[in-house]
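A.B. asks: Taking the numbering used here, the leading residue of the sequence shown gets 1232, the next gets one more, and so forth. Virtual Cβ for every residue (Gly too), placed ideally from N, Cα, C. All values derive from a computational prediction rather than experimental measurement.
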Amino acid sequence: MAVVCGDDPVIRELLPRAARPLLTYGFAAENDARASEVQADGGGMRFRAQLPGIEAFDVRLNQPGRHNVLNAMAALVIGHELGVSVEAMQGALATFQGIGRRQQVYDGLRVGGQVVTVVDDYGHHPRELAATLEAVRGAYPARRLVLAFQPHRYTRTRDLLDDFASVLSEADALVLTEVYAAGEAVIANADGRALARAIRARGRLEPVFVETVEAMPEVLAGMLQDGDVLLVMGAGSIGSLAPRLAEAWGDES
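Structure follows, in structure tokens:
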């Protein structure tokens, strides 16, 4: 048995070639399992789940974003196939608090008299960035979204430069640092400054470029406003940033 996302166009193309039984899930009506009535609910999501052979039921998640609804649907389909009760699955999803660096929230931090929320996420591919930006916007719809991002690998930055420039331009403000090499050699026109230039050329926002992650706290402290949401994203050394900010800003009075 394979459980796959039927909303994914690549998966749909592969379905006729599958050599084993399949169950599809997603938002589209033609899936075997479907999520409907999806809505943001504070910092999480609510939706109605329809699984094969049973009545639809309500689900509450603590994580925001439609991509997390899809993740939950995959878990529900597998749980149902294994004989787990609806009540047990509802309870597990309602109490699951997520994992580190996947929309991990540090709330009520104070910097220079301003109260801000920091959301930390490991995502570093344009599609992950887009999904997380959408999720955080949905969770905090009336608040300015400041993004701190560290690109990961020069090859990825080179190959997806336009995609990165497009999605990063969707933030309200952006602080960008140098590419985390992950063992790669520097590639001309694929570094952090090149990405900043590509974003600037789109004319939507003016990125702030800083050389190192270590320099980010001072820059961020000078630009954050009361009520801002700071989204920290990347898979490299930027992983240390949110805990450092929480430690420093959580102690301010």
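1. Is Phe1395 helix, strand or coil when you go by DSSP?
2. Out of Gln1281, Met1232, Pro1295, Leu1462, point me to the one whose CA is closest to Gly1275's CA.
3. Just curious, the alpha helix (DSSP H) that Thr1363 is in, first and last residue?
4. Please classify Phe1395 as buried or exposed, where buried requires at least 16 neighbouring CB atoms within 10 angstroms.
5. Quick one: does Asp1403 have its CB under 8 Å from some CB of chain C?
6. Report yes if the C-beta distance between Val1410 and Leu1461 is below 8 Å; otherwise report no.
7. Would you mind reading off the limits of the beta strand (DSSP E) that contains Thr1408?
8. Between Ala1366 and Gln1328, is the Cβ-Cβ spacing less than 8 Å?
9. Find the nearest neighbour of Ala1425 within the set Gly1369, Arg1389, Ala1264, Gln1321, judged by alpha-carbon distance.
10. Using a 10 Å radius around the Cβ and a threshold of 16 neighbouring Cβ atoms, would you call Thr1326 buried or exposed?
11. Please report the straight-line C-alpha distance between Met1464 and His1356, rounded to a whole angstrom.
12. Find the nearest neighbour of Leu1451 within the set Gly1343, Val1241, Arg1243, judged by alpha-carbon distance.
13. When burial is assigned at 16 or more other CB atoms within 10 Å of the CB, is Met1447 buried or exposed?
14. Should Glu1442 and Thr1408 be called a contact, given that it needs their Cβ atoms to be closer than 8 Å?
15. Locate the beta strand (DSSP E) running through Val1342, then write down its first and last residues.
16. Confirm, please, whether the CB-CB distance from Val1444 to Ser1212 is below 8 Å.
17. Following the continuous beta strand (DSSP E) through Gly1257, name the residue where it begins and the one where it ends.
C.D. replies: Quick look at the numbers:
1. In the structure shown, Phe1395 sits in a helix (DSSP, three-state: H, G or I).
2. Proximity to Gly1275 across Gln1281, Met1232, Pro1295, Leu1462 peaks at Pro1295, based on C-alpha coordinates.
3. Boundaries of the alpha helix (DSSP H) around Thr1363: 1357-1370.
4. Here Phe1395 is buried: its Cβ has 16 or more other Cβ atoms, across all protein chains shown, within 10 Å.
5. Of the protein chains in the structure, only one exists, and it is not chain C.
6. Not closer than 8 Å, so no.
7. Segment 1404-1408, the beta strand (DSSP E) holding Thr1408.
8. No, the pair does not count as a contact, with Cβ atoms beyond the cut-off.
9. Selected option, being the one with the closest Cα: Arg1389.
10. With fewer than 16 other Cβ atoms from the protein chains shown falling within 10 Å of its own Cβ, Thr1326 counts as exposed.
11. Near 10 Å, if we compare the C-alpha coordinates of His1356 and Met1464.
12. It is Gly1343 whose Cα lies nearest to the Cα of Leu1451.
13. By the 10 Å Cβ count, Met1447 comes out buried.
14. One thing to note: Glu1442 has its Cβ within 8 Å of the Cβ of Thr1408.
15. Counted as a single uninterrupted DSSP element, the beta strand (DSSP E) harbouring Val1342 occupies residues 1335-1342.
16. Any question about residue 1212 goes unanswered here, given that the chain covers just 1232 to 1484.
17. Segment 1253-1257, the beta strand (DSSP E) holding Gly1257.
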